[in-house]
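Numbering (full-length UniProt numbering), first residue to last: 1 to 445.
Glycine included, C-beta positions come from ideal geometry on N, C-alpha and C.
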């Protein structure tokens, strides 16, 4: 196989291999998709949405509905001109949205979908979705009081330890731990309609606006494929795909340089990436919340009346610490392991959306079932990928439905230990062969 300039070196086991995309994403052919803007442009070029919105094989015009969309206008505004099938299905649990589609019908699409993922009524995902609809209490898409209380408590801990960091950098390091927790917990909120707590994410110097695209719309729907920005944006420093020409440095020394990279990503995202976007005119203006992180050292300085340079230095230690823990946890939480699907591996003939998600995700034994750990470390990840708008507090109650559906479809979805996933991430970076059979009807572990 040679797809998009990407050719795996050898097969580890016999069998064909295939992906979920009909062709190489446009911008990937031109040197990679290095920004959310690139990704959206590629989607517009490839999806056959004809300047409107595509759901399955239909073209719809939601223009009159944008402002009244219950999930917020942002999601429709940013996806105009693209195929939103996967997001539409996973973001709407009830049948209400599905039943409304006919009001906005324009025409039948003239080209096949770029993604070959399926949502058949008798398939795994739709079967699971029907079971989830019947859950008691009925899952809803708003936040829970437990999650609001938890993230607010973490925010207070972050601000207090950041203040104490002026006098001892160990407090700054601890403040960074709380910052990473706040950022991960805020990820629970930016999947939903606009709300106060999604802004907490920006205290890390990251941008919830960009992550709604790179994470919610890209990674969640097309995990570990060439359309996953959480693959593309990390290249070539971290090259997770089993490529023939994978750099030896990446394959065997990433364990040595990765901690240094983890420490610097928060700073890079604001001080380097945003400046480069301005220079190349991918970005023409800033949103006010992009400067939200700087209110922390400003507030600390006003309260403490200490030397501003001392305050700024302590805050930077916090940012470095937070960046390290955020990316250490984020990149080892669920997706990278030699036994997990990555572009080039065999995905089977049944490309059901739910089966695809299970092939590209592994949950952790130590985290699932523990609400606190779930909120601060991307827990209950398989269910979160399939129902991303649900508050994490609601996900554990859905595990019986997932287990029941797996049994019904003869799918053996097993959890892994966290240590196995950490070591697995580095083994995946070293992997330059494709797996002949990641799963067929029964997942292999």
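Beta carbon of residue i, beta carbon of residue j: below 8 Å?
i, j, result
"residue 300", "residue 162", "yes"
"residue 131", "residue 401", "yes"
"residue 357", "residue 223", "yes"
"residue 331", "residue 266", "no"
"residue 76", "residue 62", "yes"
"residue 203", "residue 344", "no"
"residue 104", "residue 405", "no"
"residue 214", "residue 264", "no"
"residue 398", "residue 383", "yes"
"residue 318", "residue 364", "no"
"residue 147", "residue 381", "no"
"residue 176", "residue 325", "yes"
"residue 109", "residue 48", "yes"
Quick check: what's the CA-CA separation for residue i versus residue j?
i, j, result
"residue 92", "residue 56", "14 Å"
"residue 450", "residue 342", "With the chain represented from 1 up to 445, any question about residue 450 goes unanswered, as that position is not in the structure."
"residue 229", "residue 239", "12 Å"
"residue 426", "residue 252", "8 Å"
"residue 38", "residue 307", "42 Å"
"residue 435", "residue 362", "16 Å"
"residue 279", "residue 268", "15 Å"
"residue 198", "residue 375", "14 Å"
"residue 164", "residue 133", "47 Å"
"residue 372", "residue 347", "33 Å"
"residue 403", "residue 135", "14 Å"
"residue 94", "residue 168", "51 Å"
"residue 225", "residue 235", "13 Å"
"residue 366", "residue 396", "14 Å"
"residue 272", "residue 96", "43 Å"
"residue 115", "residue 261", "32 Å"
"residue 44", "residue 53", "10 Å"
"residue 111", "residue 50", "10 Å"
"residue 316", "residue 121", "51 Å"
"residue 335", "residue 360", "6 Å"
"residue 74", "residue 100", "19 Å"
"residue 166", "residue 211", "31 Å"
Which residue's Cα is closest to the Cα of residue i: the options?
i, options, result
"residue 178", "377, 434, 123 and 234", "377"
"residue 142", "394, 404, 27 and 106", "394"
"residue 22", "365, 36 and 46", "46"
"residue 35", "390, 218, 367 and 153", "218"
"residue 431", "386, 244 and 368", "244"
"residue 192", "390, 326, 159 and 255", "390"
"residue 160", "190, 102 and 174", "174"
"residue 220", "129, 386, 210 and 293", "386"
"residue 424", "254, 276, 194 and 339", "339"
"residue 140", "109, 70 and 181", "70"
"residue 68", "171, 313, 149 and 194", "194"
"residue 329", "150, 66 and 259", "259"
"residue 188", "312, 144, 291 and 78", "144"
"residue 182", "200, 172, 309 and 27", "200"
"residue 352", "64, 60, 129 and 26", "129"
Answer yes or no: the CB of residue i versus the heavy atoms of the ligand MG, is any distance below 7 Å?
i, result
"residue 349", "No copy of the ligand MG appears in this structure; indeed no ligand is present at all."
According to the neighbour-count rule (16 or more other Cβ atoms, all chains shown, within 10 Å of its Cβ), is residue i buried or exposed?
i, result
"residue 196", "exposed"
"residue 349", "exposed"
"residue 184", "buried"
"residue 156", "exposed"
"residue 454", "With the chain represented from 1 up to 445, any question about residue 454 goes unanswered, as that position is not in the structure."
"residue 107", "exposed"
"residue 85", "buried"
"residue 88", "buried"
"residue 257", "exposed"
"residue 412", "exposed"
"residue 275", "exposed"
"residue 16", "Any reading at residue 16 needs caution, since the residue's pLDDT is 44, under 50, leaving its predicted position unreliable; the model's value is listed next. Residue 16 should be labelled exposed."
"residue 408", "exposed"
"residue 443", "With a pLDDT of 44 at residue 443, under the threshold of 50, the modelled position of that residue is not reliable, and the figure given next carries that caveat. Its Cβ being crowded by 16 or more others within 10 Å, residue 443 is buried."
What is the residue span of the alpha helix (DSSP H) that residue i lies within?
i, result
"residue 424", "418-430"
"residue 275", "274-279"
"residue 130", "124-133"
"residue 168", "Where residue 168 is concerned, there is no enclosing alpha helix (DSSP H), given that its DSSP letter is neither H nor E."
"residue 349", "Element bounds for residue 349: n/a, residue is neither H nor E."
"residue 406", "399-408"
"residue 411", "It is not in any alpha helix (DSSP H) - residue 411 carries neither H nor E in the DSSP assignment."
"residue 381", "381-386"
"residue 95", "Run containing residue 95: none; DSSP gives neither H nor E here."
"residue 371", "371-376"
"residue 248", "248-267"
"residue 112", "Per DSSP, residue 112 belongs to no alpha helix (DSSP H) and is neither H nor E."
How is the beta strand (DSSP E) around residue i delimited, first residue to last?
i, result
"residue 103", "It is not in any beta strand (DSSP E) - residue 103 carries neither H nor E in the DSSP assignment."
"residue 288", "Counting along the chain, residue 288 falls outside any beta strand (DSSP E), and DSSP gives it neither H nor E."
"residue 58", "58-60"
"residue 54", "53-55"
Are any of the Cβ atoms in chain C nearer than 8 Å to that of residue i?
i, result
"residue 185", "In the structure shown, chain C does not exist; there is a single protein chain."
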